[in-house]
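The sequence shown begins at 64 in the working numbering and counts up one residue at a time.
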Amino acid sequence: MEQHTDKLAADFILTGASRLVTAAPGTHPSADGALGVITRGALAAHAGRIVWIGPENQLAAHVALDGLPKDAWLDAGGRAVLPGFVDSHTHFVFAGDRAEEFQLRHAGVSYEELAARGGGILNTVRATRSASAHKLEVIAREHLRGFLIHGTTTVEGKTGYGLDLETEARCLDVMHTLATAPADMPRIVPTFLGAHTIPPEYRDTPDGRARYVDLVCEEMLPDFAGRARFCDVFCERTAFTVPETRRILERARDLGYQLKLHANQLGPSGGAGLAAALGATSADHLDFASDDEMDALARAGVVGTLLPGCSFSLSIPYPAARRLYAAGVPVALATDFNPGTSYSENMQMMIALAVSAMGMTLDQALVAATHGGARALAMEDEVGSLEVGKRCDLIVLSTADERHLAYHFGVNLVARTVVGGVPCAP
Ligand SMILES: [Zn+2]
64 MEQHTDKLAA DFILTGASRL VTAAPGTHPS ADGALGVITR GALAAHAGRI VWIGPENQLA
124 AHVALDGLPK DAWLDAGGRA VLPGFVDSHT HFVFAGDRAE EFQLRHAGVS YEELAARGGG
184 ILNTVRATRS ASAHKLEVIA REHLRGFLIH GTTTVEGKTG YGLDLETEAR CLDVMHTLAT
244 APADMPRIVP TFLGAHTIPP EYRDTPDGRA RYVDLVCEEM LPDFAGRARF CDVFCERTAF
304 TVPETRRILE RARDLGYQLK LHANQLGPSG GAGLAAALGA TSADHLDFAS DDEMDALARA
364 GVVGTLLPGC SFSLSIPYPA ARRLYAAGVP VALATDFNPG TSYSENMQMM IALAVSAMGM
424 TLDQALVAAT HGGARALAME DEVGSLEVGK RCDLIVLSTA DERHLAYHFG VNLVARTVVG
484 GVPCAP
């Protein structure tokens with residue numbers, strides 16, 4: 064007589080994976096190499112979480128398969144399966160685009176010159192302030208669809224194009240509405256980035272900067288506590304100084320936010336050192352971080368988030384990924400999806416750039432785009448790798464070999480995206 068009672072209950076079964084990339088080496092006896100690959104692997108999930116993972120020929124011995132409906136099965140058809148990408152740094156809530164600015168910049172006009180003319184971030188601030196919540200939601204939903212079809216299953220999203228209490232709140236509301244949408248969405252992690260730049264109405268008076276930092280600290284941060292998981296500050300010569308950044312982030316920390324920084328993107332801002340001193344979850348960009356700052360980040364366990372889409376789009380040098388690895392800084396890769404300096408939802412493109420332009424190995428790039436991103440959101444217990452107990456967020460590629468992700472570049476190699484055990488896209 065068969066003993067079904069010992070077997071695990073499941074409502075989602077994945078079979079037919081030529082290579083099941085767990086991104087969790089050492090967690091399973093069959094998982095090989097730096098990516099923890101299970102050859103001819105299978106996986107079972109229940110209520111959105113992985114309950115079993117291993118070689119397909121062992122599936123039936125562990126998981127109750129009898130009577131499962133046909134739509135509970137997903138056949139990878141001999142192709143590679145990976146954890147969904149975790150894009151830990153994006154600005155996906157905004158209105159308008161900056162195609163004209165892109166064209167001018169590549170015709171020789173500098174980013175700083177464009178900003179001085181009222182272009183750059185302020186261009187998007189104007190468009191976002193004048194957009195209704197509904198309009199912002201429609202646009203954001205389209206972007207999220209773009210993330211999903213390119214394999215991203217968790218996406219961080221920043222405010223920062225409102226720069227006033229009302230519009231910053233509206234952008235957070237949009238993220239919350241989309242996060243509770245029934246299906247076909249990546250997971251959304253909201254970040255408050257009110258300190259993205261000084262708003263135009265605060266620029267013409269000598270005490271304007273100080274008054275805006277007061278507004279962020281005394282009104283916005285308390286108002287948004289609990290609604291945004293992270294607080295981020297653009298710490299840069301053209302944005303917020305180290306003392307201003309420290310004041311905002313210390314206030315945020317007291318109110319229960321986790322911390323992030325845009326640090327050392329355009330120059331040696333001191334932001335990376337501050338990220339280490341404050342024990343931020345991540346320091347992002349790091350194009351101009353010194354060796355001392357890298358060591359400090361490593362000691363503090365701060366994730367270094369690299370954003371090669373910016374370098375590509377701005378035609379500037381790429382961040383020194385190898386120095387981060389040498390210093391022992393945990394590395395994440397993200398798109399920095401935004402309308403000004405990196406207009407791409409595609410993590411596959413970032414992996415290709417990491418390998419071809421930044422000297423990262425393919426294994427490093429794949430881990431940075433999955434497990435690394437999860438660490439940069441302090442969500443590594445939930446997402447970023449395929450392990451029992453974690454969310455069943457995965458992608459089926461259109462190829463049997465995950466190495467094609469960097470090698471066969473500029474095209475979408477994701478055939479199927481699954482979020483919480485539910486196939487969502489295409
Ligand atoms: Zn950014």
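All C-beta atoms, glycine included, are put in the ideal place defined by N, C-alpha and C.
Spatial neighbours of residue i within its chain, please: C-beta separation below 7 angstroms, excluding the five flanking residues on both sides.
{"i": "A335", "result": "A326, N327, A346, L349, A352, E356 and L360"}
{"i": "L476", "result": "Q411, L460, S461, T462, H467 and L468"}
{"i": "E65", "result": "For E65, the predicted model reports a pLDDT of 48, less than 50, meaning its position is unreliable; a value from the coordinates is still stated below. Same-chain partners within the cutoff: there are none."}
{"i": "I202", "result": "A158"}
{"i": "G214", "result": "G147, F148, M410, Q411, I458, V477 and T480"}
For residue i versus residue j, is the C-beta distance shorter than 8 angstroms?
{"i": "L71", "j": "L106", "result": "no"}
{"i": "V156", "j": "L440", "result": "no"}
{"i": "L324", "j": "D358", "result": "no"}
{"i": "Y224", "j": "V188", "result": "yes"}
{"i": "G79", "j": "G171", "result": "no"}
{"i": "G372", "j": "M423", "result": "no"}
{"i": "W115", "j": "V451", "result": "yes"}
{"i": "T344", "j": "A86", "result": "no"}
{"i": "R292", "j": "H239", "result": "no"}
{"i": "F303", "j": "A338", "result": "no"}
{"i": "T268", "j": "F297", "result": "no"}
{"i": "L241", "j": "E200", "result": "yes"}
{"i": "H49", "j": "D399", "result": "Only positions 64 to 489 of the chain appear in this structure, which leaves residue 49 out of reach."}
{"i": "Y381", "j": "A420", "result": "yes"}
Secondary structure at residue i, three-state DSSP: helix, strand or coil?
{"i": "V481", "result": "strand"}
{"i": "I414", "result": "helix"}
{"i": "K323", "result": "strand"}
{"i": "T153", "result": "strand"}
{"i": "D354", "result": "helix"}
{"i": "Q66", "result": "Only weak support exists for where Q66 lies, its pLDDT of 49 falling under 50; the coordinates are left without a value."}
{"i": "A72", "result": "coil"}
{"i": "V459", "result": "strand"}
{"i": "R161", "result": "coil"}
{"i": "H109", "result": "strand"}
{"i": "F499", "result": "Outside the modelled stretch of the chain, which goes from 64 to 489, sits residue 499, for which no answer is possible."}
{"i": "P263", "result": "helix"}
{"i": "D426", "result": "helix"}
{"i": "V305", "result": "helix"}
{"i": "R466", "result": "coil"}
{"i": "V279", "result": "helix"}
{"i": "R454", "result": "strand"}
{"i": "R290", "result": "coil"}
{"i": "L122", "result": "helix"}
Taking 7 angstroms as the cut-off, is the C-beta of residue i nearer than that to any heavy atom in ligand 1?
{"i": "N401", "result": "yes"}
{"i": "H206", "result": "no"}
{"i": "H197", "result": "no"}
{"i": "H154", "result": "yes"}
{"i": "H471", "result": "no"}
{"i": "H325", "result": "yes"}
Looking at the unbroken beta strand (DSSP E) that takes in residue i, where does it start and where does it end?
{"i": "R386", "result": "Careful: R386 lies outside any beta strand (DSSP E), inside the alpha helix (DSSP H) at A384 to A390."}
{"i": "E219", "result": "T215 to K221"}
{"i": "P253", "result": "R250 to A258"}
{"i": "R142", "result": "W136 to P146"}
{"i": "G367", "result": "V366 to L369"}
{"i": "A395", "result": "V394 to L396"}
Tell me where the alpha helix (DSSP H) around residue i begins and ends.
{"i": "S345", "result": "Run containing S345: none in the alpha helix (DSSP H); it sits in the beta strand (DSSP E), S345 to H348."}
{"i": "C294", "result": "Per DSSP, C294 belongs to no alpha helix (DSSP H); it is in the beta strand (DSSP E), F293 to C298."}
{"i": "L185", "result": "I184 to R192"}
{"i": "V172", "result": "Note, V172: premise wrong, no alpha helix (DSSP H); not H, not E."}
{"i": "V237", "result": "L228 to A242"}
{"i": "A97", "result": "A97 -> no alpha helix (DSSP H), and no H or E assigned at all."}
{"i": "F287", "result": "L284 to F287"}
{"i": "G436", "result": "H434 to A439"}
In chain order, what residues of the same chain have a beta carbon less than 6 angstroms from the beta carbon of residue i, not counting five sequence neighbours either side?
{"i": "V100", "result": "R82 and V84"}
{"i": "G391", "result": "A361"}
{"i": "L318", "result": "L284 and A288"}
{"i": "V276", "result": "E307"}
{"i": "V481", "result": "L457"}
{"i": "P489", "result": "I212"}
{"i": "V474", "result": "none"}
Is any beta-carbon of chain D found at less than 8 angstroms from that of residue i?
{"i": "A179", "result": "Among the chains in the structure shown there is no chain D, since it carries only a single protein chain."}
Take residue i and list the residues in its own chain whose beta-carbon comes closer than 8 angstroms to its own, dropping the five residues that flank it on each side.
{"i": "L228", "result": "L278, E282, M283 and D286"}
{"i": "I429", "result": "Inspection of the sequence shows that residue 429 is occupied by Leu rather than by Ile. So the qualifying residues of the chain are V84, A86, L98, L145, I414, E465 and L468."}
{"i": "L377", "result": "R168, Y174 and T404"}
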